[in-house]
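J.:
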Amino acid sequence: MSSPPPEPRRLLVAITGASGAVYGLRLLQVLSEMPDVQAHAVVSDAGWLTLRHELDVNADMLRPLVHTLHDANQLGAGPASGSFRCSGMVVAPCSMRTLAAIAHGLSDNLVTRAADVMLKERRRLVLMTRETPLHLGHLRNMTAVTEMGAIVCPPMPAFYLRPQTLDDLVDASVARVLDLLDVPHTLSQRWQGMDKVPA
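Residue numbers (numbering that gives the first Met the number 0): 0 to 198.
(1) Run the CB neighbour count on Asp55, radius 10 Å, all protein chains shown included, and call it buried at 16 or more, exposed below.
(2) With distance defined between alpha-carbon atoms, name the residue in Leu68, Ala38, Gln73 and Gly16 nearest to His52.
(3) Rounded to the nearest angstrom, what separates Ala76 and Ala13 at their Cα positions?
(4) Here's a check: name, in chain order, each residue in its chain whose Cβ is nearer than 7 Å to the Cβ of Pro7, leaving out the five neighbours to either side.
(5) Would you mind working out which of Val125, Leu124 and Val151 sits nearest His137, comparing C-alpha positions?
(6) Please name the residue, chosen from Glu130, Ala91 and Ala79, that lies closest to Asp115 on a Cα-to-Cα basis.
(7) Helix, strand or coil for His69, going by three-state DSSP, please let me know.
(8) Is Gly87 helix, strand or coil by DSSP?
(9) How about the region 62-74 and the region 99-114: do they share at least three Cβ pairs that are nearer than 8 Å?
(10) Roughly how many angstroms lie between the CA atoms of Trp47 and His69, to the nearest whole one?
(11) Run the CB neighbour count on His39, radius 10 Å, all protein chains shown included, and call it buried at 16 or more, exposed below.
(12) Find the nearest neighbour of Arg122 within the set Pro154, Ser31, Ser82 and Met141, judged by alpha-carbon distance.
(13) Buried or exposed for Tyr22, going by 16 or more other Cβ atoms inside 10 Å?
(14) Between Tyr159 and Leu98, what straight-line distance do the alpha-carbon atoms span, to the nearest angstrom?
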């Protein structure tokens, strides 16, 4: 009697209202090409505004990239429960409002509830926070979510990789997130060190 085939690895990507919707979109594009990954997505109300404004992307354009596109206002959806087996979640981008809600356990939509579930189940939660400059409240919320087990991963350009295009910069940040999720990829070159130190 043969054993059933292994289930694909389930990952959840949330897009919130901060500038930088391209990070969430690009992450979903990359995951959609991985046969062993089942990508789920949830977009906050403000996230939809940013997707439309920055990228002219709507729900019909996002659905082909994911197994399920969840309604952020549906707290009865699968990701709201710890029994929904999800090995990792990324909020890309993560607004300061969403960061604050996660830091204080305010599960008022599916994004923040799913993040709360990831924390309580001790699963990987990556927050691509987007804001500058930062005030003390932002920094304290980042400290709080870090102490709770999340990883704060702002999308920072890696100029040592000598990016040539905006896509190179986006891919480098998405590649770092994939590393944090332990998802193999060839999205960006890896640092090999310098041959010699300049005189």
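Glycine included, each C-beta is placed from N, C-alpha and C at the ideal position. Predicted model only: the values in this text are computed from it and were never measured.
T.: This is what the structure gives:
(1) Counting from one through the sequence shown, the residue named residue 55 turns up at place 56. Burial call: exposed.
(2) Reading the sequence shown from its first residue, position 53 is the one you call residue 52. Minimum Cα distance to His52 is reached at Gly16.
(3) As a position in the sequence shown, residue 76 is number 77, starting the count at 1. As a position in the sequence shown, residue 13 is number 14, starting the count at 1. Ala76 and Ala13: Cα-Cα distance of roughly 14 Å.
(4) If you number the sequence shown from 1, residue 7 lands on position 8. Contacts found: Asp35, Val36 and Gln37.
(5) Position 138 of the sequence shown, counted from the start, is the residue given in the question as residue 137. Checking every option, the nearest Cα to that of His137 belongs to Val151.
(6) Taking the first residue of the sequence shown as position 1, residue 115 is located at position 116. In this structure, Ala79 is the residue among Glu130, Ala91 and Ala79 with its C-alpha nearest to the C-alpha of Asp115.
(7) For the purposes of this step, residue 69 is identified with residue 70 of the sequence shown, where counting begins at 1. Of the three classes helix, strand and coil, the one that applies to His69 here is strand, per DSSP.
(8) Residue numbering aside, residue 87 sits at position 88 when the sequence shown is read from its first letter. Strand.
(9) With the rule of 3 Cβ pairs closer than 8 Å, the region 62-74 counts as touching the region 99-114.
(10) Position 48 of the sequence shown, counted from the first residue, corresponds to residue 47. Position 70 of the sequence shown, counted from the first residue, corresponds to residue 69. Approximately 13 Å, taken between the alpha carbons.
(11) The count along the sequence shown starts at 1 and reaches residue 39 at position 40. Taking all protein chains shown into account, His39 has 16 or more neighbouring C-beta atoms within 10 Å of its C-beta and is therefore buried.
(12) Position 123 of the sequence shown, counted from the first residue, corresponds to residue 122. From the listed residues Pro154, Ser31, Ser82 and Met141, the smallest Cα separation to Arg122 is found for Ser82.
(13) If you number the sequence shown from 1, residue 22 lands on position 23. With 16 or more other Cβ atoms within 10 Å, it is buried.
(14) For the purposes of this step, residue 159 is taken as the residue at position 160 of the sequence shown. For the purposes of this step, residue 98 is taken as the residue at position 99 of the sequence shown. Spanning the two alpha carbons is a distance of roughly 29 Å.
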